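*Asks:* Its first residue numbered 16, the sequence shown is counted upward by one per residue in the numbering used here. The beta-carbon is built from N, C-alpha and C at its ideal position, and this holds for glycine as well. Note that the coordinates shown come from a computational prediction; the quantities given were computed from them, not determined experimentally. Structure incoming, see below.
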Amino acid sequence: MKKEFVLDPLNGLSLIRLGASREAVLAALGTPTSSFYKTPDSRYPTDAWFENGFQVFYEGDQPTVAFIELSNGHNFEAVLFGLPVFATAAPVLIREVEHRAKLDETDPELGYTYIFPSLELAFWRTDNDDKEVPYFSTVGIGVSGYFSA
Numbered sequence: 016m017k018k019e020f021v022l023d024p025l026n027g028l029s030l031i032r033l034g035a036s037r038e039a040v041l042a043a044l045g046t047p048t049s050s051f052y053k054t055p056d057s058r059y060p061t062d063a064w065f066e067n068g069f070q071v072f073y074e075g076d077q078p079t080v081a082f083i084e085l086s087n088g089h090n091f092e093a094v095l096f097g098l099p100v101f102a103t104a105a106p107v108l109i110r111e112v113e114h115r116a117k118l119d120e121t122d123p124e125l126g127y128t129y130i131f132p133s134l135e136l137a138f139w140r141t142d143n144d145d146k147e148v149p150y151f152s153t154v155g156i157g158v159s160g161y162f163s164a
């Protein structure tokens, strides 16, 4: 049976809260299977579990959780508003989220990326064709201001 992580935009997910210390994350998830600097400008390493399918990004004077990203294909399911993110067709998922928040329709990557700034929520997939790639590859949630700043 797959592990389930329930996303709670603006707050975190079942095990990790946005804004939590790195120590709290490590206490909840254990030692990361990988830690790496996502970009040359990264202040802190990104911690990853589940074959890098569950990534936690940090910011602040002391490392605190700024963004959590979950990827498809890593023996867990991300659940958002009662729907399994990686098993729900992208158009269905977007319609459900649009009942709660406005989509950023100005995003130049719209079709691949769907951002809901008021929820600090984003989805991404490799192609914008609903028939070729009907499901999202990743879902991420961030602290207040992550997308809306």
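Measure from the alpha carbon of Glu147 to the alpha carbon of each residue in Ala105, Thr46, Leu95, Leu33, then state which is nearest.
*Replies:* For the purposes of this step, residue 147 is taken as the residue at position 132 of the sequence shown. Of the listed residues, the one whose Cα sits closest to Glu147 is Ala105.
*Asks:* Using the Cβ count rule (16 or more neighbours within 10 Å means buried), how would you classify Val107?
*Replies:* Translated into positions along the sequence shown, residue 107 becomes position 92. Flag for Val107 reads exposed.
*Asks:* Can you tell me the Cα-Cα spacing of Leu95 and Asp142, whole angstroms?
*Replies:* Stepping through the sequence shown from its first residue, residue 95 is reached at position 80. Stepping through the sequence shown from its first residue, residue 142 is reached at position 127. Spanning the two alpha carbons is a distance of roughly 21 angstroms.
*Asks:* Report yes if the C-beta distance between Asn90 and Phe101 is below 7 angstroms; otherwise report no.
*Replies:* By 1-based counting over the sequence shown, the position of residue 90 is 75. By 1-based counting over the sequence shown, the position of residue 101 is 86. It is not a contact, given that the beta carbons lie outside the stated cut-off.
*Asks:* For Phe72, count the other beta carbons within 10 Å of its own beta carbon; 16 or more makes it buried, fewer makes it exposed. Which is it?
*Replies:* Here residue 72 corresponds to residue number 57 of the sequence shown, with the count starting at 1. Result: buried.
*Asks:* Consult DSSP for Pro99 and reduce its assignment to one of helix, strand or coil.
*Replies:* Walking along the sequence shown from the start, residue 99 turns up at place 84. Strand at Pro99.
*Asks:* List the residues that DSSP assigns as beta-bridge partners of Gln70.
*Replies:* Translated into the one-based positions of the sequence shown, residue 70 becomes position 55. In the DSSP output, where bridge partners are listed per residue, Gln70 has Ala63, Glu84.
*Asks:* Does DSSP put Ala39 in a helix, a strand or coil?
*Replies:* Translated into the one-based positions of the sequence shown, residue 39 becomes position 24. Here Ala39 sits in helix by DSSP.
*Asks:* Hey, out of Ala116, Ile31, Met16, Ser49, whose CA is closest to Ala42's CA?
*Replies:* Residue 42 sits at position 27 when you count from the first residue of the sequence shown. If we check each option's Cα against that of Ala42, Ile31 comes out closest.
*Asks:* With a 10 Å radius around its C-beta and 16 neighbouring C-beta atoms as the bar for buried, classify Gly175 as buried or exposed.
*Replies:* As displayed, the chain neither begins before 16 nor continues past 164, which places residue 175 out of reach and without an answer.
*Asks:* When burial is assigned at 16 or more other CB atoms within 10 Å of the CB, is Arg115 buried or exposed?
*Replies:* For the purposes of this step, residue 115 is taken as residue 100 along the sequence shown, with counting starting at 1. Exposed.
*Asks:* Can Ile109 and Glu135 be called in contact, C-beta distance under 7 angstroms?
*Replies:* Within the sequence shown, numbered from 1, the residue matching residue 109 stands at position 94. Within the sequence shown, numbered from 1, the residue matching residue 135 stands at position 120. The answer is no: Cβ separation not under 7 angstroms.
*Asks:* Buried or exposed: where does Asp23 fall if 16 or more other Cβ atoms within 10 Å of its Cβ makes it buried?
*Replies:* Taking the sequence shown and counting its residues from 1, one reaches residue 23 at position 8. It counts as exposed.
*Asks:* Taking C-alpha atoms, which residue in Gly68, Leu118, Tyr150 lies nearest to Ser50?
*Replies:* Position 35 of the sequence shown holds residue 50. The shortest C-alpha separation from Ser50 is found at Gly68.
*Asks:* Considering only C-alpha positions, which residue in the set Ser36, Ala93, Asp144 is nearest to Lys17?
*Replies:* Residue mapping note: residue 17 aligns to position 2 of the sequence shown, counting from 1. The candidate whose alpha carbon is nearest that of Lys17 is Ala93.
*Asks:* Taking buried to mean at least 16 other C-beta atoms within 10 Å of its own C-beta, is Ala63 buried or exposed?
*Replies:* Start at 1 with the first residue of the sequence shown, and residue 63 comes out as number 48. Buried, by the Cβ-count rule.
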